[in-house]
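Some notes on the structure that comes next.
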Amino acid sequence: MNHWTIRTRILASFTFILLVMALMGVVAYNRLSAIERETNLMLKDALPGLNYSTGIRGAWGEVYVLAWETVKAGTESQRQGYQQQSAEVRQRLDRLEQQYESTITRDNDRATFNQYKAARSRYDQLALPLTQSASWKGGEAAEALLRGEANQHWAEVRRLAQTLVDDNNAVNEKAAHGINAAVSSAKIGIEVALLVAVAMSAICGYLLLRAITVPMRSIVGLLAGIRGGDLRLRMALGRGDEFQDVEQGFNQMTGELTSLVGQAQRSAIQVTTSVNEIAATARQQQATATETAATTTQIGATSREISATARDLVRTINEVSNAAEQTAGLAGTGQVGLSRMEATMQHVMDAAGSVNAKLATLNEKAGNINQVVTTIAKVADQTNLLSLNAAIEAEKAGEYGRGFSVVATEIRRLADQTAVATYDIEQMVREIQSAVAAGVMGMDKFSEEVRRGMSDVTQVGDQLSQIIGQVQSLAPRVLMVNEGMQAQAGGAEQINQALMQLSEAAQQTVESLRQSSQAIDELTLVANELRSGVSRFKV
């Protein structure tokens, strides 16, 4: 068993435990099957048979009692009542017999039931003619029959019914005892199987634990020695399981590690020497790069000043060029605006003439309105006179003319209001005529001012044309100067960018050399640590 692998041991342990559990399951299944058979026997045969047979026995006793009550009845009505009860009891007895027969599964039970039916048939042949006859005469012969041969048959039937009850009761008790025995045996089998499974689990677990922990303690001790620097240690477990592969791999790894550490010790000395030489060279390069960066920085500052001056000149020329272009554009725009203004003023003059014509027409219409108002005033005066005459006539008429007098008074009041309104309208028309006359005079003055403005606009337009010509002739010269300054500024910018790139490269070189120096210092530290680290190993 020492040559078994750990995998084989684990599989064997689980297989044995599973076999024990499977055996326990088979035993439990057999016991449960027996319990199921006994339970089915009780539910389908014993218990229903006991119930129905007990009912048959009770009903059979009622049949005999009702037969005697029928024979001994004192009146016909009592006899018929007992006969009716006897018929109901026999019907119930027939149903119980049918139900009992449907539950019979055993041969001896069926044989006893057939004997019961035969005995009942013999009793019915004797007793039914006495108890169910329609024309009952009674008599001592019927009582003697019930006490004699009929009683013997009834007792035989009752004995067989009791036999059915006892038989089903015995089957029921036997099934109950069988169930108890099956349950007890199942419990014992399960308990034994559980004890065996627990014991085997403990034994297998202990063996597996020893198979793993014993070599692991040896491995841990060996690793502690190697951690202390002794690479001469080798693993010797002497096993044939997976730990044999671990032993071979560990010993091979330790041998390679011993070779590696020896080589590392030799390389550490060489690395330390080389790092010192590289550090000296790097410090010299860093000093040279620092001087180069300082010189480049000075040249870059001078170049930036030249570039800034060129940019200022280019910006100034651009501003002059933009100002010239804006001046030419504004002059052109002003000339166009003056042309539009001249056309607009011409339209204004035309509109002023049209307004004068409209005002003349308005003055004429106002005169016509004044004439109409005069006519309305005359009509109002005449209406006032007529209403006054009407009022006088109404006064003359006395009581009959009082209503007409009121109407005349209202007409006179309306006539007075009309006269006042026409006067107001006349005043307003006169004011309109005065305003129209003043408007005509104002429009004449406005037209004269517009004509003078048109003359000034024409003169200004000519002057703007001259300015535009001079500005346009100046623009190409400014453009040439601007292009030359832009070319100079571009060259200065390129020089500045080149110097900036050179300065950045110099700074990067200095930074790289500084980082290299740091890396070399760290490498020196690492080389020393490597040398001191590998020196503690024993190879």
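Residues 1 to 539 (the UniProt record's numbering) make up the sequence shown, in order. Glycine is no exception: its CB is placed at the ideal position from the N, C-alpha and C atoms.
- Taken atom to atom, the span from the alpha-carbon of T375 to that of R430 is near 16 Å.
- A Cβ-Cβ separation of about 5 Å places A197 in contact with V20 under the 8 Å criterion.
- Sixteen is the threshold: when 16 or more other Cβ atoms of the shown chains lie within 10 Å of the Cβ of Y100, as they do, the residue is buried.
- The region 378-390 makes contact with the region 409-421; the number of CB pairs closer than 8 Å reaches 3 or more.
- If you compare the alpha carbons of L233, W60, I278 with that of E256, the shortest gap goes to L233.
- Closest in C-alpha terms to S387, from the list Q346, P476, A408, comes A408.
- K378 sits in a helix when the DSSP states are folded into three classes.
- Closest option to Q346, judged by alpha-carbon separation, among Y206, A438, T458, Q78: T458.
- Judged by pairs of C-beta atoms under 8 Å, the region 67-79 does not touch the region 215-233, as fewer than three such pairs exist.
- Counting only unbroken stretches of 4 or more residues, the alpha helix (DSSP H) elements lying wholly within the region 32-76 are 47-71, in sequence order.
- The region 23-33 makes no contact with the region 84-102, as fewer than three CB pairs between them are under 8 Å.
- Taking 7 Å as the cut-off, the Cβ atoms of N368 and V440 do not count as close.
- Here the region 52-70 makes contact with the region 154-161; the two share three or more CB pairs at distances below 8 Å.
- Setting aside the 5 residues that flank it on each side, R122 is surrounded in the same chain by H153, each with a C-beta closer than 7 Å to its C-beta; the list follows chain order.
- Within a 10 Å sphere around the beta-carbon of I179 sit 16 or more other beta-carbons, which makes this residue buried.
- For M235, the closest alpha carbon among the candidates A224, L93, G453, Q248 is that of Q248.
- Residue burial annotation: D94 is exposed, with fewer than 16 other C-beta atoms found within 10 angstroms of its C-beta.
- In this structure, DSSP gives I104 a state outside helix and strand, which the three-state scheme calls coil.
- For A28, the three-state secondary structure derived from DSSP is helix.
- Distance between Y423 and N363, taken at the CA atoms: about 19 Å.
- Less than 7 Å divides the Cβ of N384 from the Cβ of A415.
- Taking the Cβ atoms as the reference, E342 lies roughly 6 Å from M454, within the contact range of under 8 Å.
- DSSP, reduced to helix, strand and coil, places M443 within a helical segment of the structure shown.
- Buried is the label assigned to M24, since at least 16 other Cβ atoms lie within 10 Å of its Cβ.
- Classified as buried, R120 has 16 or more neighbouring CB atoms from the shown chains inside 10 Å of its CB.
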